[in-house]
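Quick notes on the structure that follows.
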Amino acid sequence: MAKDLLLENLSKRFGRLVAVQGVSLEIREGEFVCFLGPSGCGKTTLLRLIAGFEIPSGGRILYDGRVINDLIPQKRNFGIVFQSYALFPNMTVFDNVAFGLRARGAPRERIAPRVEELLDLVGLRQYRDTYPAELSGGEQQRVALVRALATQPSVLLLDEPLSALDARIRVHLRSEIKRLQRSLGITTIYVTHDQEEAMSLADRIVVMEAGTVRQVGSAGEIYRRPGSRFVADFVGTSNFLECRRVDGSSDTVAFGAWLLRVDCRLPEGGDRLFVAIRPEMIEMLEGPGDIGGREPRNVLEGTVDGVTFLGAVVRVVVGVNRESLIVDVPYREFERLPVRQGDRARLYLPPDRFMVYPSA
Ligand code: ATP
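Here numbering that gives the first Met the number 0 is used: the first residue of the sequence shown is 0, the next is one more, and so on.
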């Protein structure tokens with residue numbers, strides 16, 4: 000039987016503030032799940048409920064079929080890594096990693112090989128007799144990671160473990176965490192507000208807003224089919240065109256004077272609609288002339304307001320209809336049509352690349 004972690008209608012209130020509200024989620028054994036959301040959305044509180052540092056105000060937490068709501072953190076056998084490395088400053092790297100094993104009364108002769116094996120996993124054996132203050136932030140976080148793994152926890156919980164590190168180290172450690180998780184097959188929950196981190200790490204991302212779960216899915220699912228305007232905005236970059244319905248039409252919306260063809264179901268609701276499209280899905284067309292087999296209604300014209308080189312892509316902002324559309328043009332393509340601020344530009348918005356949300 001797989002040892003799954005189950006959250007059932009879980010809530011947490013602090014006085015009148017509802018930090019987590021009616022969260023239900025099934026996390027399968029061996030899965031890597033990220034809780035992703037803006038500051039204050041309740042992701043840390045949800046993780047702390049799972050860890051046992053907070054008692055739920057309502058709902059249940061089950062692990063391996065057993066309700067663990069009232070189980071103290073130590074009895075849950077979950078490994079935890081925080082943003083601040085929280086290493087014991089007066090203990091060597093070796094003693095930090097050995098701490099949990101000693102606390103459980105592991106026999107002396109078993110401790111040294113286990114600690115060395117763990118330090119090897121993250122390439123830190125040569126630092127075994129060093130004190131935390133002598134290590135870089137990235138090294139300290141590696142120690143914190145294997146310290147959490149020392150007692151072979153059944154679930155690994157990480158709360159923004161990389162956010163105190165600089166960008167390069169963050170990306171490097173990210174892949175190291177992923178590699179470790181894969182090789183150990185340990186169920187992992189990782190809290191972050193960084194969408195790139197969530198997308199590169201998680202088997203499934205849980206997008207949260209205001210204490211609730213807004214969407215659960217793989218990075219690809221969430222990026223390609225955001226279920227709400229909030230998710231389309233929070234995960235990746237989206238252009239939102241304020242449009243109106245066109246009487247009697249199920250595949251056309253009015254964007255100012257333009258009538259755009261939209262190849263997706265229009266949601267129920269009011270007259271106003273938000274039509275979203277990702278910057279890399281908009282095509283910049285060369286000069287006037289042939290538009291090939293493209294839908295002629297979806298060719299828009301505007302004025303270039305800004306051009307920014309981002310490396311692999313060039314981000315061009317085009318003013319259309321009093322809105323600024325962000326268009327990401329691959330660098331090689333940009334070389335063929337080097338637009339500059341003030342130029343006129345023709346854009347193509349493919350009908351099958353839109354996502355449409357009600358305005359409310
Ligand atoms: P961040 O990324 O900023 O840490 P978060 O998504 O992790 O945000 P939480 O830390 O879970 O959010 O906080 C959710 C809400 O609950 C916030 O409004 C926060 O102020 C509140 N909160 C969290 N812990 C407590 C507490 N012990 N007492 C009172 N309010 C709390």
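All residues carry an ideal CB built from backbone N, CA and C; glycine is no exception. All of these numbers come straight from a predicted model, not from anything done at the bench.
Pair within 8 Å by beta-carbon distance, residue i and residue j
| i | j | result |
| --- | --- | --- |
| Gln194 | Val234 | yes |
| Thr191 | Glu30 | no |
| Arg260 | Arg296 | yes |
| Val145 | Leu117 | yes |
| Gly210 | Gln20 | yes |
| Gly310 | Gln340 | no |
| Phe77 | Ala50 | yes |
| Arg243 | Asp270 | yes |
Residue i: CB within 7 Å of a non-hydrogen atom of the ligand ATP
| i | result |
| --- | --- |
| Ala18 | yes |
| Phe229 | no |
| His192 | yes |
| Gly39 | yes |
| Phe13 | yes |
| Thr44 | yes |
| Gly36 | yes |
Residues near residue i in its chain [Cβ-Cβ closer than 8 Å; skip 5 each side]
| i | result |
| --- | --- |
| Glu332 | Met283 |
| Ser227 | Arg213, Gln214, Tyr356 |
| Ala218 | Ala197, Met198, Ser199, Ala201, Ile204 |
| Glu208 | Gly36, Pro37, Cys40, Phe229, Phe233 |
With 16 other Cβ atoms within 10 Å as the buried cut-off, status of residue i
| i | result |
| --- | --- |
| Val319 | buried |
| Asp327 | buried |
| Asp165 | exposed |
| Phe308 | exposed |
| Asn8 | exposed |
| Leu46 | buried |
| Gln139 | buried |
| Tyr330 | exposed |
| Asp158 | buried |
| Ser23 | exposed |
| Pro287 | exposed |
| Ala231 | buried |
Other residues of its chain near residue i: CB distance less than 6 Å, five sequence neighbours each side excluded
| i | result |
| --- | --- |
| Ser162 | Gln82 |
| Ile188 | Val32, Leu156 |
Where residue i falls: helix, strand or coil (DSSP)
| i | result |
| --- | --- |
| Asp327 | strand |
| Lys2 | coil |
| Leu155 | strand |
| Val212 | strand |
| Tyr356 | strand |
| Asp304 | strand |
| Thr43 | helix |
| Val121 | coil |
| Asn89 | coil |
| Gln340 | coil |
Beta-carbon proximity list for residue i, same chain, < 7 Å, skipping 5 on both sides
| i | result |
| --- | --- |
| Glu25 | Asp3, Leu5 |
| Leu299 | Trp257, Val319, Leu346, Leu348 |
Proximity test, residue i beta-carbon vs the ligand HEM heavy atom, cut-off 7 Å
| i | result |
| --- | --- |
| Ile79 | Only the ligand ATP can be found as ligands here, which leaves the ligand HEM out of the picture. |
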